[in-house]
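Q: Heads up: the sequence shown is residues 1 to 534, going by full-length UniProt numbering. Note that beta-carbon positions come from the ideal geometry of N, C-alpha and C, so glycine has one too.
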Amino acid sequence: MNNRFFASIRPLVSLILRRDRLRILIWTVSIGGFLGALIPLLKEYFTSGADNAVSAQMLENPAMVAIVGPVYGASNYHTGAAYGNMMLLFMAVTVAIMDIFMVARHTRQDEERGRLEMIRSLPVGRLAGLGATFIATLLTNLLVFLAGTGFMYFFMEDGMTLTGCLLFNAGLLVSGLFFAATTAVLAQVFTNNRSVISWSFALLLFLYCLRGVGDVSNETLSLISPLGLVLRTKVFVDNDWWPIVILFLITCTVAALAFILARIRDLGSGLLPERKGHAHASALLCGPGGLAMRLLRTPFIIWTLVMVILAAMYASVFGDLESFMDSNEMLKLVFGQNPDHSPTEQFVGLIIVIMSMIGTIPVLSFTFRPAAEEVRGRAENILSKAISRTKYLTTYLVPGLLISLLTQVLMALTFWGIGSAVMDTPPSLETFLIGFLSFLPAMWVFQGVGTLLVGVLPKRTSLAYLYLGFSFIVVYMGALMNLPEWVKKFTPFGLTPQYPVDDWNFPLLLALTGVAILLTIIGYLGYNRRNIGG
Numbered sequence: 001m002n003n004r005f006f007a008s009i010r011p012l013v014s015l016i017l018r019r020d021r022l023r024i025l026i027w028t029v030s031i032g033g034f035l036g037a038l039i040p041l042l043k044e045y046f047t048s049g050a051d052n053a054v055s056a057q058m059l060e061n062p063a064m065v066a067i068v069g070p071v072y073g074a075s076n077y078h079t080g081a082a083y084g085n086m087m088l089l090f091m092a093v094t095v096a097i098m099d100i101f102m103v104a105r106h107t108r109q110d111e112e113r114g115r116l117e118m119i120r121s122l123p124v125g126r127l128a129g130l131g132a133t134f135i136a137t138l139l140t141n142l143l144v145f146l147a148g149t150g151f152m153y154f155f156m157e158d159g160m161t162l163t164g165c166l167l168f169n170a171g172l173l174v175s176g177l178f179f180a181a182t183t184a185v186l187a188q189v190f191t192n193n194r195s196v197i198s199w200s201f202a203l204l205l206f207l208y209c210l211r212g213v214g215d216v217s218n219e220t221l222s223l224i225s226p227l228g229l230v231l232r233t234k235v236f237v238d239n240d241w242w243p244i245v246i247l248f249l250i251t252c253t254v255a256a257l258a259f260i261l262a263r264i265r266d267l268g269s270g271l272l273p274e275r276k277g278h279a280h281a282s283a284l285l286c287g288p289g290g291l292a293m294r295l296l297r298t299p300f301i302i303w304t305l306v307m308v309i310l311a312a313m314y315a316s317v318f319g320d321l322e323s324f325m326d327s328n329e330m331l332k333l334v335f336g337q338n339p340d341h342s343p344t345e346q347f348v349g350l351i352i353v354i355m356s357m358i359g360t361i362p363v364l365s366f367t368f369r370p371a372a373e374e375v376r377g378r379a380e381n382i383l384s385k386a387i388s389r390t391k392y393l394t395t396y397l398v399p400g401l402l403i404s405l406l407t408q409v410l411m412a413l414t415f416w417g418i419g420s421a422v423m424d425t426p427p428s429l430e431t432f433l434i435g436f437l438s439f440l441p442a443m444w445v446f447q448g449v450g451t452l453l454v455g456v457l458p459k460r461t462s463l464a465y466l467y468l469g470f471s472f473i474v475v476y477m478g479a480l481m482n483l484p485e486w487v488k489k490f491t492p493f494g495l496t497p498q499y500p501v502d503d504w505n506f507p508l509l510l511a512l513t514g515v516a517i518l519l520t521i522i523g524y525l526g527y528n529r530r531n532i533g534g
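Now the structure itself:
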């Protein structure tokens, strides 16, 4: 790569940054702000001294180690040690998700839509698009690095140093770039963006689980996983930099592989040939419903597995909750406000609403698929046939309804099954089922909001995700941030009773269902009246 190469990709880097300027701003401010704002909140749980011995012991539970990683600095478990232990892995996964979407969007997705073909018709090399994507991704990660370090340094508490803040965010930087490089490799292997994103997330989940198994039983497996390797920095305890160097070298090797593969393959194709289809389509593909289910089949399965795995991880810590809460005054304040219910029941109610909000993500994703098909030009082809817009939109809303019901039931069964194995007197299956199913109307309200956006503002569908993020903050962190109770009323998840702590309120749930239906109807009306592609 010479100066001419970099001169040719400079305009492409500017184009990518301009296209993603809003996304980059949101990611940077959200991640940096979250990293900083969580420090004073976490300080209320963990301070210096022997009082945190029980807290560290709970986090050394194999189930918790599988979720957040091994505990370092347990002998003096100050705020910094607790922050590094509880946040590094979670934020590394968050940055990895950001990079997966960014690289996939500017490689395989742009190639699918013909943008790279237009760029390649100009006097640029065949590697210009991939090179520009890497540079733009690197710049984005550097912005996140600077924002995260700045916010963390500003809110620094006991046990935290500038070196530790730099190391923490360097871990996010290199782990994110690793998944950016692996996504770039997968973009050369597969021929469509859906496969690239699906396999990238499958790899992320596999490496997360590999690290979990390794942290519990075999450290060698953890060192194989980049997520396990970055935890060996022992941030705010020993502050080791060698894992950063190793992971950076591995990332450079994977990135070089992506360039080699991009050089030898043809534009518009992948190294892995597409599987030959049947000579005649099945009866299910003769209508838009079967096509929609076929397109959503893989994400449907993946999201269902992810939700069950998350439920199993959280349920596995139920057995240690009572002892942990008894030793922590702050948790007693948060979960001891209702004397009629045990702290475990109150914690279960909060976890149910959090899991329900996570389960809303695939519901929104399926709901927004008609807008995505519209951008790709496929919706126009289908709607040019004797198919009504109402029927076409319904074919993508039904899978959203199905996955909301299926995941809520499966998570209830998982919570009850694993809870029965780790607790002497677990809540009943009925408790879990009522708790999870109570949040179905809230999830449907979000689907109604998504349908409204598809029908009226198809280019602003990200607003629904922002609203979901707001819901997460006010419901999950409302008690810690001392937010007034009325703030929760602005989200259906805040309105819904957290069973078993709160009584089941059928009229309220019926009203939320009515709101969801009303929003959906408005979305249908808008979709039937507006121009497709407009």
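Taking only the alpha-carbon atoms, compute the straight-line gap between Ala184 and Ala92 and give it to the nearest angstrom.
A: In the sequence shown, residue 184 corresponds to position 184, counting from 1. In the sequence shown, residue 92 corresponds to position 92, counting from 1. Cα to Cα, Ala184 sits roughly 18 Å from Ala92.
Q: When you compare only the Cα positions, how much space is there between Leu139 and Thr513?
A: Numbered from its first residue, the sequence shown carries residue 139 at position 139. Numbered from its first residue, the sequence shown carries residue 513 at position 513. One C-alpha to the other measures close to 44 Å.
Q: Could you give the residue range of the alpha helix (DSSP H) that holds Thr27?
A: To locate residue 27, count along the sequence shown from 1; it is residue 27. Here the sequence assigns Trp to residue 27, which means Thr is not the residue at that position. It spans Arg21 to Lys43 - the alpha helix (DSSP H) in which Trp27 sits, taken as one unbroken run.
Q: Thinking Thr182 and Leu203 are a contact (beta carbons under 8 Å), I'd like their distance in whole angstroms, please.
A: For the purposes of this step, residue 182 is taken as residue 182 along the sequence shown, with counting starting at 1. For the purposes of this step, residue 203 is taken as residue 203 along the sequence shown, with counting starting at 1. That belief holds up - the Cβ atoms of Thr182 and Leu203 are roughly 6 Å apart, short of 8 Å.
Q: Looking only at C-alpha atoms, which of Glu111, Ile67 and Ile260 sits nearest to Leu231?
A: Counting from 1 along the sequence shown, the entry for residue 231 is found at position 231. When each option's Cα is compared against that of Leu231, the closest is Ile67.
Q: Could you give the residue range of the alpha helix (DSSP H) that holds Met307?
A: Mapped onto the sequence shown, residue 307 falls at position 307. Element bounds for Met307: Pro288 to Ala315.
Q: Using 8 Å as the Cβ pair cut-off and three pairs as the minimum, do the segment 88-108 and the segment 238-252 touch?
A: As far as the Cβ criterion goes, the segment 88-108 does not touch the segment 238-252, which means the pair count is below three.
Q: Taking the alpha carbon of Leu413 as the reference point, which residue from Phe432, Leu383, Met423 and Ser404 has its own alpha carbon closest?
A: As a first step, residue 413 is located in the sequence shown; it is residue number 413 there, counting from the start. Looking at the Cα atoms, Phe432 is the closest of the given residues.
Q: Measure the beta-carbon distance from Phe493 to Pro426 and round it to whole angstroms, keeping in mind my assumption that it falls under 8 Å.
A: Walking along the sequence shown from the start, residue 493 turns up at place 493. Walking along the sequence shown from the start, residue 426 turns up at place 426. With a Cβ gap of about 24 Å, Phe493 and Pro426 do not count as contacting.
Q: Could you give the DSSP three-state label for Trp444: helix, strand or coil?
A: Start at 1 with the first residue of the sequence shown, and residue 444 comes out as number 444. Looking at Trp444 - three-state DSSP - the assignment turns out to be helix.
Q: Give me, in chain order, the residues of the same chain whose beta-carbon lies closer than 6 Å to that of Leu508; leave out the 5 immediate sequence neighbours on both sides.
A: Mapped onto the sequence shown, residue 508 falls at position 508. Same-chain partners within the cutoff: there are none.
Q: Report the residue from Leu383, Ala132 and Tyr83 whose alpha carbon sits nearest the alpha carbon of Met102.
A: Here residue 102 is taken as the residue at index 102 of the sequence shown, counted from 1. The residue with the shortest Cα to Cα distance from Met102 is Ala132.
Q: Can you find the residues in the same chain that come closer than 8 Å, C-beta to C-beta, to Ser225, ignoring five residues on each side of it along the sequence?
A: For the purposes of this step, residue 225 is taken as the residue at position 225 of the sequence shown. Here the set comprises Leu207, Tyr208, Leu210, Arg211 and Gly214.
Q: Could you spell out the range, first to last residue, of the alpha helix (DSSP H) harbouring Ala132?
A: The residue given as residue 132 occupies position 132 in the sequence shown. Counting along the chain, the alpha helix (DSSP H) containing Ala132 begins and ends at Ala128 to Phe154.
Q: In the DSSP assignment, the alpha helix (DSSP H) including Ile264 goes from what residue to what residue?
A: Working through the sequence shown from its first residue, we reach residue 264 at position 264. Ile264 -> alpha helix (DSSP H) spans Trp242 to Ile264.
Q: If you measure between the beta carbons of Phe415 and Ala255, is that distance less than 9 Å?
A: As a first step, residue 415 is located in the sequence shown; it is residue number 415 there, counting from the start. As a first step, residue 255 is located in the sequence shown; it is residue number 255 there, counting from the start. No. Outside cutoff.
Q: Given a threshold of 16 other Cβ atoms within 10 Å of its Cβ, counted over all protein chains shown, does Ala311 qualify as buried or as exposed?
A: As a working note, residue 311 is residue 311 in the sequence shown. Classification of Ala311: buried, given that the 10 Å Cβ count is 16 or more.
Q: Gly523 and Leu393: beta carbons closer than 9 Å?
A: Looking up residue 523 in the sequence shown gives position 523. Looking up residue 393 in the sequence shown gives position 393. Yes. Within cutoff.
Q: Round the Cβ separation of Ile100 and Ile197 to the nearest angstrom and send it over; I've been treating them as touching at under 8 Å.
A: For this step, residue 100 is matched to residue 100 along the sequence shown. For this step, residue 197 is matched to residue 197 along the sequence shown. Contact holds; Cβ gap of about 7 Å.
Q: Does the Cβ of Gly49 have 16 or more other Cβ atoms within 10 Å, making it buried, or fewer, making it exposed?
A: To locate residue 49, count along the sequence shown from 1; it is residue 49. With a pLDDT of 47 at Gly49, under the threshold of 50, the modelled position of that residue is not reliable, and the figure given next carries that caveat. Looking at its Cβ environment, which holds fewer than 16 other Cβ atoms inside 10 Å, Gly49 is exposed.
Q: Report the rounded CA-to-CA distance for Thr395 versus Tyr77, giving the unit in angstroms.
A: The residue you call residue 395 lines up with position 395 of the sequence shown. The residue you call residue 77 lines up with position 77 of the sequence shown. When rounded, the distance between both Cα atoms is 52 Å.
Q: Applying the criterion that 16 or more other CB atoms from any shown protein chain within 10 Å of the CB defines a buried residue, is Pro40 buried or exposed?
A: Position 40 of the sequence shown, counting from 1, holds the residue named residue 40. So Pro40 counts as exposed.
Q: Secondary structure at Tyr476, three-state DSSP: helix, strand or coil?
A: Counting from one through the sequence shown, the residue named residue 476 turns up at place 476. Helix at Tyr476.
Q: Helix, strand or coil for Arg460? Go by DSSP, reduced to three states.
A: Taking the sequence shown and counting its residues from 1, the one referred to as residue 460 is at position 460. Note: Arg460 maps to helix in three-state DSSP.
Q: Considering only residues of the same chain and omitting the five flanking positions on each side of Leu271, which have a CB-CB separation below 7 Å?
A: Reading the sequence shown from its first residue, position 271 is the one you call residue 271. Gln188, Val189, Leu261 and Arg265.
Q: Who are the near neighbours of residue 587 in its chain, counting only those whose CB is closer than 8 Å to its CB and skipping five residues on each side?
A: Outside the displayed range of the chain (1 to 534) lies residue 587, so it cannot be described from this structure.
Q: Spatial neighbours of Met152 within its chain, please: C-beta separation below 8 Å, excluding the five flanking residues on both sides.
A: The count along the sequence shown starts at 1 and reaches residue 152 at position 152. Excluding positions up to five away in sequence, the list reads Leu35, Gly36, Ile39, Met160, Cys165, Phe168 and Asn169.
Q: For Ile403, which of Asn381, Met293 and Pro484 has the nearest alpha-carbon?
A: Start at 1 with the first residue of the sequence shown, and residue 403 comes out as number 403. Nearest C-alpha to Ile403: Met293.
Q: Are the Cβ atoms of Ala180 and Thr220 separated by less than 9 Å?
A: Mapped onto the sequence shown, residue 180 falls at position 180. Mapped onto the sequence shown, residue 220 falls at position 220. No. Outside cutoff.
Q: Within 10 Å of its beta-carbon, does Ser175 have 16 or more other beta-carbons around it, so buried, or fewer, so exposed?
A: One-based indexing of the sequence shown puts residue 175 at position 175. It is buried - the Cβ of Ser175 has at least 16 other Cβ atoms within 10 Å.
Q: Measure the C-alpha to C-alpha separation of Arg18 and Gly435 and round it to an integer number of angstroms.
A: Taking the sequence shown and counting its residues from 1, one reaches residue 18 at position 18. Taking the sequence shown and counting its residues from 1, one reaches residue 435 at position 435. Each residue's Cα considered, the two are about 44 Å apart.
Q: Leaving aside the five residues before and after Leu127 along the sequence, list all residues of the same chain whose C-beta is less than 7 Å from its C-beta, in chain order.
A: As a working note, residue 127 is residue 127 in the sequence shown. Cβ within range, chain order: Phe259, Ala262 and Arg263.
Q: Measure how close the beta-carbons of Val474 and Gln346 come, nearest whole angstrom, since I'm counting them as under 8 Å.
A: Counted from its first residue, the sequence shown places residue 474 at position 474. Counted from its first residue, the sequence shown places residue 346 at position 346. Contact flag wrong, Cβ pair sits at about 17 Å.
Q: Can you tell which of Trp241, Leu291 and Ile418 has the C-alpha that lies nearest to the C-alpha of Met313?
A: The count along the sequence shown starts at 1 and reaches residue 313 at position 313. With distances taken between Cα atoms, Met313 lies closest to Ile418.
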